[in-house]
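Engineer: This note's numbering puts the first residue of the sequence shown at 3, with every later residue one more than the last. One structure follows; several queries about it will come next.
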Amino acid sequence: MTRKTERSIQELYRDDPERGDALAWGRRGALKGAALASMGGALGAAIPFAGQMPGGLLPALFSRPAAAQSTPAVFVMDGKAELILQGDRPLVGETPEHMLDEAVTSFRYFFVRNNGQIPAALTTDPDAWRLTIDGEVNTPLNLTLGELRARFPQVTRQLQMECGGNGRAFFAPQTRGNQWGNGAISNAEWTGVRLRDVLAAAGLKPSALFTGHFGADPHLSGATDRAAISRGMPLSKAMDEDTLIVFAMNGAPIPHIHGAPIRLLVPGWPGSLSQKWLTRIQLRDKPHDGAGMGGTSYRVPVRPIIPGSNNNGADFTDMTSMPVRSILSSHAHGTRLPAGTRSLDVRGAAWAGDLTVRAVDVSVDFGASWSAMQVAAPANRHAWQRWQGRVALPADGYYEIWYRATDSAGQMQPHAAANWNPQGYGANPISRAAVLIG
Ligand SMILES: Nc1nc2c(c(=O)[nH]1)N[C@H]1C(S)=C(S)[C@@H](COP(=O)(O)O)O[C@H]1N2
Ligand SMILES: [Mo]
């Protein structure tokens, strides 16, 4: 090979942040003089708070997840905005954070995550669809959709549904799987029946301690003896009043891509539990062993492991409640605003699995000072919370909006993605969005 491979600025920083600084900008010691000028040149603006900029920190404009940079592939589907195409086999689309600006997520901005093929849509009589409840129950059920609607009280709730791998792109070293930024989150209004009411009708045996979920989507390979995904949860979560079998989203039948005619909605826990195209729930005396259970799937280390190391997941535990996270929806990452702009009205959403969010703070000076935002109460338990506030900008130039939430137990988003694991779950570091004034 004669041609020297050019390393990207991201790679430089990944290997050795301090050296990345020096190589990229000629920085020696504090960022000043020529190094500061060259960084400003690359960013296209001076950096008013350069004095607070931590050494070895790649500017957010260059460091956000690959999907959010340059010209990502576009996810195209009738009725959906141009989402970020994370993959087309299986079909996966992420919603850019700034498109999550509605209190209730509409179909247009609802992310898509499939593990297998998309099943054919039901065209015949809706009552041809059956839901089976079996296993450790006294009376196995085989319900039509009509029976499901008629036999149990209906509830309507705003519920957050977040992929277990949301934030995966923030892990270093990179892990396998969709390189989600913060956009694998939704907060739609769902209508359905409580799973616990259906389980009560089946009559739980004392041995019913776990669920196993089954859907109609074929395995990616087309193999008929394999499930695309089939996860399960402990009975306590199945009995939560917000764990629903839903048949309507935002007041209309569930769109096919989101699991029509019925799906599970298990808010606050990994989205993979919210089985789409739901056909069967099995009650079990031991944890489910379906596709996506065990090993390192939806599991995180009990004690931290060496980032990048191999692990069979023996000392891992199943992910349960998702960690606290916030998004900024008022300004797209990389937004340019007119010269002279001296304040920003910022807003977004925050959520924390089964908990609530106590505070959202924003910094525009690289974390040297933080301003508390107003955080609204959730519409109901397990709904996300909207936040808003105003930040002042002293001069034109390059800014990073840093935003972080703190949950009701006092846990704050960490400064860097923690508890690295091979499949990249639970990364919820403080986020940074670049904004250029002038
Ligand atoms: N049947 C079925 N259900 C499924 C999946 C799937 O591939 N098949 N993916 C799961 C995962 S990993 C997530 S994050 C959510 C995504 O739901 P959405 O596509 O409606 O956004 O569905 C879950 N339910
Ligand atoms: Mo997921």
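Every residue, glycine too, gets a C-beta built ideally from N, C-alpha and C. For clarity, every value in this text was computed on a predicted model and none was experimentally measured.
Helix or strand or just coil, what does DSSP make of S345?
Structural biologist: In this structure, S345 counts as strand in the three-state DSSP scheme.
Engineer: What residue does the beta strand (DSSP E) around A407 start on, and which one ends it?
Structural biologist: A407 -> beta strand (DSSP E) spans 399–409.
Engineer: Near S332, what residues of its chain come up, given a Cβ to Cβ distance below 6 Å and the 5 sequence neighbours on each side ignored?
Structural biologist: Around S332: V348, R349.
Engineer: How is T7 classed by DSSP in three states: helix, strand or coil?
Structural biologist: Per-residue confidence for T7 stands at a pLDDT of 46, beneath the threshold of 50, marking its modelled position as unreliable; no derived number is given.
Engineer: Which same chain residues, not among the five before or five after Y400, have their C-beta less than 6 Å away from its C-beta?
Structural biologist: Correct list, in chain order: L45, A47, I49, L438.
Engineer: I450: buried (16+ other C-beta within 10 angstroms of its C-beta) or exposed?
Structural biologist: There is simply no residue 450 to check, as the chain begins at 3 and stops at 440 in what is shown.
Engineer: If you measure from the CB of P272, is any heavy atom of ligand 2 nearer than 8 Å?
Structural biologist: Checking every heavy atom of ligand 2 against the Cβ of P272, one is found closer than 8 Å.
Engineer: Once the 5 residues before and after Y15 are set aside, which same chain residues still bring their CB inside 6 Å of it?
Structural biologist: Cβ within range, chain order: G22, L60.
Engineer: In chain order, what are the residue ranges of uninterrupted alpha helix (DSSP H) at least 4 long that sit wholly in the stretch 183–211?
Structural biologist: Listed in chain order, they are 197–204.
Engineer: Within its chain, find whatever has a CB closer than 6 Å to the CB of A37; leave out the 5 residues flanking it on each side and keep chain order.
Structural biologist: Cβ within range, chain order: W27, G28, R29.
Engineer: Just verifying my parser: in three-state terms, what is the DSSP assignment at E164?
Structural biologist: Here E164 sits in strand by DSSP.
Engineer: Taking C-alpha atoms, which residue in S108, A105, A174, G118 lies nearest to D18?
Structural biologist: The option with the nearest alpha carbon to D18 is A174.
Engineer: In this structure, how does DSSP classify R110 when only helix, strand and coil are distinguished?
Structural biologist: R110: helix per DSSP, three-state reduction.
Engineer: Per DSSP, what kind of secondary structure is T22 in: helix, strand or coil?
Structural biologist: The question names Thr, but residue 22 is Gly in the sequence shown. DSSP places G22 in helix when its eight states are reduced to three.
Engineer: Look at T281 and L147 and say whether their C-beta atoms are less than 9 Å apart.
Structural biologist: Their beta carbons are not under 9 Å apart, which means T281 does not touch L147 by this criterion.
Engineer: In three-state terms, what does DSSP make of E104?
Structural biologist: E104: coil per DSSP, three-state reduction.
Engineer: Apart from the five residues on each side of it in sequence, which residues of its chain come closer than 7 Å, Cβ to Cβ, to A411?
Structural biologist: L357.
Engineer: Can you say whether S365 is buried or exposed, counting buried as having 16 or more other CB atoms within 10 angstroms of its CB?
Structural biologist: With 16 or more other Cβ atoms within 10 Å, it is buried.
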